[in-house]
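Residue numbers (my numbering): 5 to 319. Every residue gets a Cβ at the ideal spot worked out from N, C-alpha and C, and that includes glycine. No experiment lies behind these values; they were computed from the predicted model shown. Report on one structure; see the data block that follows.
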Amino acid sequence: MSILKKVWILAEKQIGLGQLCAGGRQLGEEVSAILWGEKEEADKAIEMGADKVYWLGTLRPETLREDYVETILKLLQEEKPDALLVQPTKRGKLIAGRLAAGLGTSALVDAVEILTDGNKVQIQHMVYGGAAFRTERIQPQTAIITVGTGVFTPLAEDAGRQGSIIKVEFSEPAAKIKLLEKKSKASSEVNLNAAKRVVGIGRGLAQQEDLKMVEELAGLMEAEVGCSRPVAEGMNWLPKERYIGVSGAMLKPDLYLALGISGQVQHMVGVNQAKAIVAINKDKAAPIFSQADYGIVGDFYKILPSLIEKFKAEK
5 MSILKKVWIL AEKQIGLGQL CAGGRQLGEE VSAILWGEKE EADKAIEMGA DKVYWLGTLR
65 PETLREDYVE TILKLLQEEK PDALLVQPTK RGKLIAGRLA AGLGTSALVD AVEILTDGNK
125 VQIQHMVYGG AAFRTERIQP QTAIITVGTG VFTPLAEDAG RQGSIIKVEF SEPAAKIKLL
185 EKKSKASSEV NLNAAKRVVG IGRGLAQQED LKMVEELAGL MEAEVGCSRP VAEGMNWLPK
245 ERYIGVSGAM LKPDLYLALG ISGQVQHMVG VNQAKAIVAI NKDKAAPIFS QADYGIVGDF
305 YKILPSLIEK FKAEK
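The following block contains the structure:
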């Protein structure tokens with residue numbers, strides 16, 4: 005695989021910046037980051053692998069990130085990078101679509117694999133709810149790509165790396181979005197993508213209070229807790245940041261322990277790159293057993309207490 009000359013990244017949040025920088029280093033000769041935030045965050049991007057940072061400064065109270073589309077578009081038109089890698093947040097996808105429209109191209113979304121051939125870019129992403137993959141290729145121009153979580157592994161930070169920081173002046177958009185109200189949202193700061201071990205919980209959990217038992221086991225395992233979509237969006241027992249699968253987190257842990265998860269494809273695409281999958285389910289016909297490396301047919305309400313005691317005894 006040949007590499008591109010210039011790869012840019014657009015990061016809305018600090019979490020995920022390291023993955024994009026690693027992707028840029030893998031795909032391109034020169035990596036440039038477009039960032040909001042404090043000056044220290046621009047310095048951090050260079051430590052993570054960026055050669056150059058186009059620093060947009062801190063957001064003003066009345067300004068949204070979407071208002072910077074014309075500013076970023078102008079940069080892309082002037083510098084003509086081969087690709088722009090974007091975090092797959094809701095706002096990131098919105099900005100990616102508008103940038104692609106401004107360049108007269110299409111945004112390639114939720115890439116799980118990115119390949120380059122000369123100055124051509126090819127991606128794979130999931131379709132039909134994760135049941136299949138589709139390959140898309142873009143002709144020579146700036147490829148706008150939202151990168152699925154977990155596609156790239158962050159590089160070790162290097163405090164000695166040198167790079168340049170360019171302050172970018174904000175260009176007022178022709179039609180600015182008016183912010184009417186802000187509401188704070190309780191959010192989990194968990195970063196499942198960085199976890200080496202993950203305990204996943206599904207609808208086999210009878211009641212929300214039983215999460216304490218799952219969290220105790222995860223703590224003893226030095227693992228994070230994730231879940232299937234119904235637990236996060238149907239029952240609202242865990243925050244959406246912990247939902248694994250299509251449109252959720254895509255993981256590459258060393259170990260994934262699935263408790264009471266049936267194993268539907270929409271969930272399993274989020275963990276199928278785990279080094280080891282262990283499943284506990286009382287339904288011996290559950291689809292997850294066909295993908296698990298180790299399986300236990302049984303009631304995890306009876307199995308977990310024994311596991312917890314075993315871990316405690318070895319501490």
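Assign I181 to one of three DSSP states: helix, strand, or coil.
Residue mapping note: residue 181 aligns to position 177 of the sequence shown, counting from 1. Coil.
Suppose you measure from the CA of L259 to the CA of L112; what does that come to, to the nearest Å?
Counting from 1 along the sequence shown, the entry for residue 259 is found at position 255. Counting from 1 along the sequence shown, the entry for residue 112 is found at position 108. Taking the straight line joining both Cα atoms gives about 30 Å.
Is the beta carbon of V116 less than 8 Å from the beta carbon of V155?
Taking the first residue of the sequence shown as 1, we reach residue 116 at position 112. Taking the first residue of the sequence shown as 1, we reach residue 155 at position 151. Taking 8 Å as the Cβ cut-off, V116 and V155 qualify as a contacting pair.
Smallest Cα separation from D121: which of A147, M130 and A136?
On the sequence shown, residue 121 is found 117 positions in, with the first residue counted as 1. If we check each option's Cα against that of D121, A147 comes out closest.
Classify Q91 as helix, strand or coil using the three-state DSSP reduction.
Indexing the sequence shown from 1 puts residue 91 at position 87. Of the three classes helix, strand and coil, the one that applies to Q91 here is coil, per DSSP.
Could you check how far apart the C-beta atoms of R233 and G223 are, in whole angstroms? I think they sit under 8 Å.
Your numbering for residue 233 matches position 229 in the sequence shown. Your numbering for residue 223 matches position 219 in the sequence shown. Not quite, the Cβ-Cβ distance comes to about 24 Å (not below 8 Å), so this is no contact.
Where in the stretch 74–147 do unbroken runs of the beta strand (DSSP E), each at least 3 residues long, occur, reported from the N-terminal end onward?
87–90, 111–121, 124–131 and 136–142
Starting from R165 and walking both ways along the alpha helix (DSSP H), at which residues does that stretch end?
Here residue 165 refers to the residue found at position 161 of the sequence shown. Per DSSP, R165 belongs to no alpha helix (DSSP H) and is neither H nor E.
According to DSSP, C231 sits in a beta bridge with which residue or residues?
Here residue 231 refers to the residue found at position 227 of the sequence shown. Its beta-bridge partners are I205 and Y247.
Please classify D162: is it buried, with 16 or more other beta-carbons within 10 angstroms of its beta-carbon, or exposed?
Reading the sequence shown from its first residue, position 158 is the one you call residue 162. Label assigned to D162: exposed.
Secondary structure at S175, three-state DSSP: helix, strand or coil?
In the sequence shown, the residue the question calls residue 175 occupies position 171. Correct three-state label for S175: coil.
Could you check the C-alpha separation between Q23 and T157 for me, to the nearest Å?
The residue given as residue 23 occupies position 19 in the sequence shown. The residue given as residue 157 occupies position 153 in the sequence shown. Cα to Cα, the separation comes out at about 6 Å.
Looking only at its own chain, which residues have a Cβ that is under 6 Å from the Cβ of V322, when we skip the five neighbours before and after it?
What is shown of the chain runs 5 to 319, which leaves residue 322 out entirely.
Using only alpha-carbon positions, find the residue among G133, V151, Q81 and Q295 that is nearest to D114.
Residue 114 sits at position 110 when you count from the first residue of the sequence shown. The candidate whose alpha carbon is nearest that of D114 is V151.
Do you know whose CA, among L311, V229 and Y72, lies nearest V172's CA?
Stepping through the sequence shown from its first residue, residue 172 is reached at position 168. Of the listed residues, the one whose Cα sits closest to V172 is Y72.
Pull up the distance between the alpha-carbon of A236 and that of Q166, whole angstroms please.
By one-based count along the sequence shown, residue 236 stands at place 232. By one-based count along the sequence shown, residue 166 stands at place 162. Cα to Cα, A236 sits roughly 42 Å from Q166.
Assuming contact is defined by CB atoms lying nearer than 8 Å, are K288 and V301 in contact in what I supplied?
On the sequence shown, position 284 is the one that residue 288 refers to. On the sequence shown, position 297 is the one that residue 301 refers to. Contact flag set, yes.
With respect to the alpha helix (DSSP H) encompassing G28, which residues constitute its N-terminal and C-terminal limits?
As a first step, residue 28 is located in the sequence shown; it is residue number 24 there, counting from the start. Looking at the DSSP string, the run of the alpha helix (DSSP H) that includes G28 is L21 to L31.
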